[in-house]
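So the structure is just underneath, and the comments pick up after that.
Numbering (the numbering used here), first residue to last: 277 to 813.
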């Protein structure tokens, strides 16, 4: 007898087609039977060792978070309710060009310092891996939800070239090609870049094109955080489209927003650019989070020259008064490339987390507010905080536009990604609320998307981008990564005031046919594993 039958569910199967009522049978981690309208037809109903009454609930494929920063959280926090409680059953990590494999002892320490604001310093983690394959093996020991990995181009460049702003030598480029090929062979699904973060931002287009050729040869995709989301946003999108067309590589645009005042109302221009490229044969997708503010580290807004050489060199420059004044001028007058070419507005930058608990008074206030309280100019407050906390502070950047958010999420190649940073006392609520916020606010309350359309954006579309043949749909033979939610009550509990509040209306989540959320509570099940891309024959 099969393990589980989910009775009388309203199945939204992920394809975008109309929902239907059915009994769904699960066994051995897969969907083994779907009996439509079983009760109404009066037919023999399937039986199993366990029956779950799903009356009033929608059954959908588990949600895929296409842009996650859970690289260490998956190892540190077996509970991981931040994602499991949202119905997320697969996260894509290794984002924005910086993560923890492939590394050697030198670069591991450098990367840990550089992205402590994203993932914490990692003092509680046993870094017993160096290669991509070894990291994926570590995930295979058991995690809350599944995870796929992107090779981080900035980490690869740090390993082969260092943190200097210069072109790679032919030998260094060959080594980067080999590192990317090895990562793909070991199961990565593609490559990411952070082209406003050091050292990835120092790569010229020709270098990126060569690495994308390697990714394409393994059937992977390129996921860039491109060179500007502000003053040069459209040109940066065009650059990525042209680069991947030249390389013959699929393109997935990370957190594809149009932020800052210069881009208010300009989402249609971005979508027209993508439509033209799609019509010409490019393979393009994108992800967004359903909120207007962004989230990153405070150090990320610095000009690239100030970060050359790595974190210790950045701190040295900030400590020097003359160099710090040059940094201020770039930030406040000319527009730092780290701040997307737009002069910084300190009243839009809210400190969301610090590494040193003694600095907690800055959290929840903008840099401008803290400067006013201290009787300082904002740059001195920001500089002092960066030095005192050794580049660890994270920020919310209140620079988005609601009309752009809605326009982009309607596009046919859109997928959902939280870009959720789980560190800090006051993280962005998207880390805990992205997927129920789509379903509750943008589907039920605003009607921006129908329920069937929205579920397709969050399930089958990302599964197709990841080229996973047995995920993303409610189909016989598919993996039983499933979520049951109440369409009348599903909502994000997280807010900017209370960002770690869990969602409502999602009583059950299954990974590999096992309940990780049951009756609204996290179980002790660790059914998640690394999801590896199988190279094409």
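Note that CB positions come from ideal geometry on N, CA and C, so glycine has one too.
Residue interval of the beta strand (DSSP E) (run including residue i)
i: residue 299; result: 296 to 303
i: residue 786; result: 784 to 787
i: residue 278; result: 278 to 287
i: residue 425; result: 422 to 428
i: residue 290; result: Residue 290 -> no beta strand (DSSP E), and no H or E assigned at all.
i: residue 263; result: No information on residue 263 is available, as it lies outside the stretch 277 to 813 that the chain covers here.
i: residue 401; result: Unbroken run through residue 401: none, as it is neither H nor E.
i: residue 791; result: 790 to 794
Coil, strand or helix - residue i by DSSP
i: residue 497; result: strand
i: residue 337; result: strand
i: residue 540; result: coil
i: residue 472; result: coil
i: residue 352; result: helix
i: residue 638; result: helix
i: residue 509; result: helix
i: residue 755; result: strand
i: residue 367; result: strand
i: residue 311; result: strand
i: residue 583; result: helix
i: residue 734; result: helix
i: residue 410; result: helix
i: residue 320; result: coil
i: residue 525; result: coil
i: residue 433; result: helix
i: residue 558; result: coil
i: residue 504; result: coil
i: residue 717; result: helix
i: residue 650; result: helix
i: residue 327; result: strand
i: residue 343; result: coil
i: residue 531; result: coil
Close beta carbons around residue i, own chain, < 8 Å, minus the five adjacent residues each side
i: residue 517; result: 527, 549, 550, 553, 558, 560
i: residue 442; result: 478
i: residue 501; result: 371, 372, 373, 468, 469, 470, 471, 472, 473, 530, 531
i: residue 352; result: 396, 400, 401
Pair within 9 Å by beta-carbon distance, residue i and residue j
i: residue 249; j: residue 505; result: The requested residue 249 does not occur in the structure, where the chain is confined to residues 277 to 813.
i: residue 665; j: residue 345; result: no
i: residue 487; j: residue 456; result: yes
i: residue 620; j: residue 700; result: no
i: residue 712; j: residue 772; result: no
i: residue 287; j: residue 335; result: yes
i: residue 658; j: residue 625; result: yes
i: residue 691; j: residue 741; result: yes
i: residue 670; j: residue 370; result: no
i: residue 889; j: residue 421; result: Lying before the first or after the last residue shown, residue 889 is absent from the chain, which here runs from 277 to 813.
i: residue 363; j: residue 736; result: no
i: residue 547; j: residue 683; result: yes
i: residue 569; j: residue 629; result: no
i: residue 592; j: residue 603; result: no
i: residue 744; j: residue 733; result: no
i: residue 716; j: residue 765; result: yes
i: residue 496; j: residue 430; result: no
i: residue 679; j: residue 537; result: no
i: residue 673; j: residue 571; result: yes
i: residue 627; j: residue 663; result: no
First and last residue of the uninterrupted alpha helix (DSSP H) at residue i
i: residue 703; result: Looking at the DSSP string, residue 703 is not in any alpha helix (DSSP H), and its letter there is neither H nor E.
i: residue 685; result: 678 to 685
i: residue 838; result: The structure shown does not extend to residue 838, since the chain spans only 277 to 813, so no value can be given for it.
i: residue 587; result: 587 to 595
i: residue 360; result: 357 to 360
i: residue 386; result: 381 to 390
Cut-off 7 Å between Cβ atoms - residues of its own chain near residue i, not counting five sequence neighbours on either side
i: residue 803; result: 787, 788, 790, 792
i: residue 654; result: 622, 643, 644, 647
i: residue 514; result: 549
i: residue 613; result: 472, 579, 580
i: residue 545; result: 510
i: residue 451; result: 436
i: residue 459; result: 378, 408, 427
i: residue 279; result: 302, 303, 324, 325, 326, 789
Nearest-angstrom beta carbon gap, residue j and residue i [assumed within contact, 8 Å]
i: residue 465; j: residue 424; result: 5 Å
i: residue 472; j: residue 433; result: Not quite, the Cβ-Cβ distance comes to about 14 Å (not below 8 Å), so this is no contact.
i: residue 412; j: residue 463; result: 5 Å
i: residue 872; j: residue 685; result: Summary: the structure shown does not reach residue 872, with the chain confined to residues 277 through 813, and so no result is reported for it.
Closer than 8 Å: residue i CB and nearest the ligand GTP heavy atom
i: residue 785; result: Absence of the ligand GTP is noted for the structure shown, with no ligands found whatsoever.
Cβ neighbours of residue i in the same chain (closer than 6 Å, five flanking residues each side left out)
i: residue 667; result: 575, 587
i: residue 389; result: 587
i: residue 756; result: 302, 305, 306, 307, 786, 789
i: residue 309; result: 301, 322
i: residue 329; result: 283
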